[in-house]
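Student:
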Amino acid sequence: MKKQFLLTSLMMLLVVILAACNSNESSSTTETNSSNNSESTGETESKEKQIVTFWHSMSGAGQETLNSIVEDYNNSQDEIQVNAEFQGTYDESLTKFNAVAGSDSAPTMIQTFEIGTRSMINSGQIVPIQEFVDADGYDMSGLEENITNYYSLDGKFYSMPFNSSTPVMYYNKDAFKEAGLDPEAPPETYEEVEAASKAIVESNPDMKGFALQAYGWLWEQLLANQGALLLNNDNGRTGTPTEIGWTEEEGKSIFEWVKRMVDAGTFANYGTNSDNMMAGFLAGDVAMFLQSSASSRDVIDNAPFEVGIAFLPHPENKERQGVVIGGASLWMIDGKPEAEQTAAWEFMKYLQTPEVQAKWHIGTGYFAINPAAYDEQIVKDAYAEKPQLQVTVDQLQATKPSYATQGALMDMLPEGRKVMETALEKVYNGGEVDEAYNTAVEQFNAAIEKANAARGE
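If you count the sequence shown from 1, you need to add 568 to reach our numbering.
1) Could you spell out the range, first to last residue, of the alpha helix (DSSP H) harbouring residue 798?
2) Indicate whether residue 975 and residue 1015 have their beta-carbon atoms separated by less than 7 Å.
3) State the Cα-Cα distance for the pair residue 724 and residue 903, rounded to the nearest angstrom.
4) Taking the alpha helix (DSSP H) that residue 922 belongs to, which residues open and close that run?
5) Determine, using beta-carbon pairs with one atom in the segment 676-685 and one in the segment 653-662, whether at least three such pairs fall under 8 Å.
6) I want to know whether the segment 786-801 touches the segment 810-817 - three or more CB-CB distances under 8 Å.
7) For residue 963, collect the residues of the same chain with a Cβ closer than 6 Å to its Cβ; drop the 5 residues on either side in sequence, then sort them by chain order.
8) Nearest-angstrom Cα distance between residue 926 and residue 630?
9) What is the residue span of the beta strand (DSSP E) that residue 620 lies within?
10) Taking C-alpha atoms, which residue in 757, 960, 790 and 827 lies nearest to residue 997?
11) Rounded to the nearest angstrom, what separates residue 865 and residue 931 at their Cα positions?
12) Out of 950, 900, 1004 and 778, which one is the CA nearest neighbour of residue 845?
13) With a cut-off of 8 Å on the beta carbons, I'd call residue 987 and residue 1008 a contact; round off their distance for me.
14) Identify the continuous alpha helix (DSSP H) that holds residue 662 and give its terminal residues.
15) Under the three-state reduction of DSSP, which class applies to residue 738: helix, strand or coil?
16) Going by Cα to Cα distance, which pick from 650, 718, 763 and 780 is closest to residue 989?
17) Distance check for residue 1017 and residue 898, CA to CA, integer angstroms please.
18) Determine the DSSP secondary structure at residue 1027, reduced to helix, strand or coil.
19) Quick one: using the 10 Å Cβ neighbour count with 16 as the cut-off for buried, is residue 1023 buried or exposed?
20) Check whether the segment 858-877 touches the segment 703-716, taking contact to mean three or more Cβ pairs, one atom from each stretch, closer than 8 Å.
21) Which word fits residue 804, buried or exposed, when buried means at least 16 other C-beta atoms lie within 10 angstroms of its C-beta?
22) What residue does the alpha helix (DSSP H) around residue 779 start on, and which one ends it?
23) According to the neighbour-count rule (16 or more other Cβ atoms, all chains shown, within 10 Å of its Cβ), is residue 881 buried or exposed?
24) Check residue 892 in the structure and name its three-state DSSP category.
25) Considering residue 782, what are the terminal residues of the beta strand (DSSP E) in which it resides?
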């Protein structure tokens, strides 16, 4: 009896042990399977999230704001992951792109400066966004006309406008008051800038009146403000340019304007260095200078005096025509999977929404591509605090649409800008206007001729 009881007890214990082992194995297997399923699900989710590689050239406040916008977008949905990658300056980014175009290393989309428009079109490596506009029924007419005009060629959009700016005149209101000038009535013409510069130097010999960076873009803007073309054939918009489009009076007027101030001792020469020019303004070494509206927040926030912002000046015998859009646009790269391009297009549309454009405008000083952004409360609040910001928008919207203010298109424009910069520096350093100007015209036309020859035209 005892033996039988002992045997029964041992059998029951064995059953319990086996059951426990099976339970542990089952639990372990369940945990393992659960872990594997979790990993598998994670991989599936990762694969389902479409990656968009976005090359850009924003630095400083622009990069901070852009990164914030990209983060907001990535967090707003679960289908697309945009990876914003800084590639250096526009020139550096374009060089990198040309090296990888057509390969798997190429980005999905790239930010390229406005004078790279023709180069991007001619590259054969892009898909015009007009294809996405048409397929999606997207309405581009709601965007700022004086911005979309630049990027529209024969009624077709090749890229999506993004960061757009124009030059404005910054001035020191405190210096104006000290010189007996009305700080609320800044100079509008070349001649008024000269007169104000003389008054400022007379009141403060340690301060110059005006500075103009030797920058081809600024020279082009001063040309367009007179209604002058940079290139013939309507700035290259109705035919391939064959020579310059401006007259001697229009082109030389800018050189002569600067020369008069150089001779009067009221001009501050910073050459091609924009950082030194801005530093000189903030230090009180010069009272007025021209620069991009995208610098407005930095200038206003860092100046130890009250900053004024005014429209670009023009010769008194010419009526103001307005300004040409500067900055950059976003290009869709060819050869990428359809799903990847579609995802990039969704992100491009997101960037144009009023809320995003308001954040971009206030955070950087660039214009809002979508004018509805100006009705957003954060913009109204910013204008109430810094009304100078609205002047930049007023100048853009007062621009008269024409081939001159629409801007030029040709792949030699970067070289042309350097030609004009060299000519301006010669005048800044005491050179004769006629010699500097005539040499610049010859070199500019030679660059056009060389570009056409390279294309077999």
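All C-beta atoms in this analysis are idealised placements derived from N, C-alpha and C, irrespective of residue type, glycine included.
Tutor: On the basis of the coordinates in this document:
1) As a working mapping, residue 798 is identified with position 230 in the sequence shown. No alpha helix (DSSP H) contains residue 798, which DSSP labels as neither H nor E.
2) Mapped onto the sequence shown, residue 975 falls at position 407. Mapped onto the sequence shown, residue 1015 falls at position 447. No, the pair does not count as a contact, with Cβ atoms beyond the cut-off.
3) As a working note, residue 724 is residue 156 in the sequence shown. As a working note, residue 903 is residue 335 in the sequence shown. Roughly 21 Å between the two C-alpha positions.
4) Working through the sequence shown from its first residue, we reach residue 922 at position 354. Segment 922-932, the alpha helix (DSSP H) holding residue 922.
5) yes
6) yes
7) Your numbering for residue 963 matches position 395 in the sequence shown. Closer than 6 Å at the Cβ level, and outside the excluded window around residue 963, lie 879.
8) Here residue 926 corresponds to residue number 358 of the sequence shown, with the count starting at 1. Here residue 630 corresponds to residue number 62 of the sequence shown, with the count starting at 1. Using only the alpha carbons, I get a separation of about 14 Å.
9) The residue labelled residue 620 in the question sits at position 52 within the sequence shown. Note, residue 620: beta strand (DSSP E), 618-624.
10) Indexing the sequence shown from 1 puts residue 997 at position 429. For residue 997, the nearest C-alpha among the options comes from 827.
11) By 1-based counting over the sequence shown, the position of residue 865 is 297. By 1-based counting over the sequence shown, the position of residue 931 is 363. Each residue's Cα considered, the two are about 8 Å apart.
12) Walking along the sequence shown from the start, residue 845 turns up at place 277. The shortest C-alpha separation from residue 845 is found at 778.
13) Position 419 of the sequence shown, counted from the first residue, corresponds to residue 987. Position 440 of the sequence shown, counted from the first residue, corresponds to residue 1008. Separation of the CB atoms of residue 987 and residue 1008 is rounded to 5 Å, and the pair is thereby assigned contact status at 8 Å.
14) The residue you call residue 662 lines up with position 94 of the sequence shown. DSSP places residue 662 in the uninterrupted alpha helix (DSSP H) bounded by 658-668.
15) For the purposes of this step, residue 738 is taken as the residue at position 170 of the sequence shown. Reduced to three states, the DSSP call for residue 738 is strand.
16) One-based indexing of the sequence shown puts residue 989 at position 421. Residue 780 is the option with its Cα nearest to residue 989.
17) Stepping through the sequence shown from its first residue, residue 898 is reached at position 330. Stepping through the sequence shown from its first residue, residue 1017 is reached at position 449. The alpha-carbon atoms of residue 898 and residue 1017 are separated by roughly 29 Å.
18) In the structure as shown, the chain starts at 569 and stops at 1025, and residue 1027 therefore has no counterpart that could be examined.
19) Within the sequence shown, the letter at position 455 stands for residue 1023. Classification for residue 1023: exposed.
20) no
21) Within the sequence shown, numbered from 1, the residue matching residue 804 stands at position 236. Buried is the call here.
22) Taking the first residue of the sequence shown as 1, we reach residue 779 at position 211. No alpha helix (DSSP H) holds residue 779; the beta strand (DSSP E) holding it covers 776-779.
23) Position 313 of the sequence shown holds residue 881. Under this definition residue 881 is a buried residue.
24) Here the question's residue 892 lines up with position 324 in the sequence shown. Of the three classes helix, strand and coil, the one that applies to residue 892 here is coil, per DSSP.
25) In the sequence shown, counting from the first residue as 1, residue 782 sits at position 214. Run containing residue 782: none; DSSP gives neither H nor E here.
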